[in-house]
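Visitor: The sequence shown begins at 85 in my numbering and counts up one residue at a time.
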Amino acid sequence: MTGKKIKIAVPDQEGQVSLMFSRGGPRAGAGRKGIGETKKVSLTLTKQVWDELENRCSVSGLSKSEVIRGMIEASLHNT
């Protein structure tokens with residue numbers, strides 16, 4: 085090890101052993117919240133479409149997944 089102090093933590097869950105460093109590390113409730121059950125999709129886009137997608141993401145401050153998901157949901161609800 086690199087001289088960092090290590091503490092042995094009391095397990096949060098039965099059967100879980102963890103080491104606690106003085107900073108950082110996983111915390112209960114930390115991280116991005118899930119949106120429920122999801123499925124992954126792979127698709128191929130032209131450079132022109134990809135560039136427009138990146139532009140929309142920059143303008144809106146949303147991720148590519150959020151923008152594409154919004155487009156699909158809007159299309160499905162407008163049929």
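Cβ coordinates follow ideal geometry from the N, Cα and C atoms, glycine included.
Just verifying my parser: in three-state terms, what is the DSSP assignment at E157?
Guide: As a first step, residue 157 must be located in the sequence shown, where it is residue number 73. Helix.
Visitor: Taking the Cβ atom as the reference point for each residue, do R140 and V151 lie within a distance shorter than 8 Å?
Guide: The residue labelled residue 140 in the question sits at position 56 within the sequence shown. The residue labelled residue 151 in the question sits at position 67 within the sequence shown. Cβ distance < 8 Å, so R140 and V151 count as in contact.
Visitor: Kindly indicate which residue of M155, S149 and K131 has the alpha-carbon position closest to the one of K123.
Guide: Residue mapping note: residue 123 aligns to position 39 of the sequence shown, counting from 1. It is S149 whose Cα lies nearest to the Cα of K123.
Visitor: Go ahead and pull the three-state DSSP assignment for N139.
Guide: Start at 1 with the first residue of the sequence shown, and residue 139 comes out as number 55. Reduced to three states, the DSSP call for N139 is helix.
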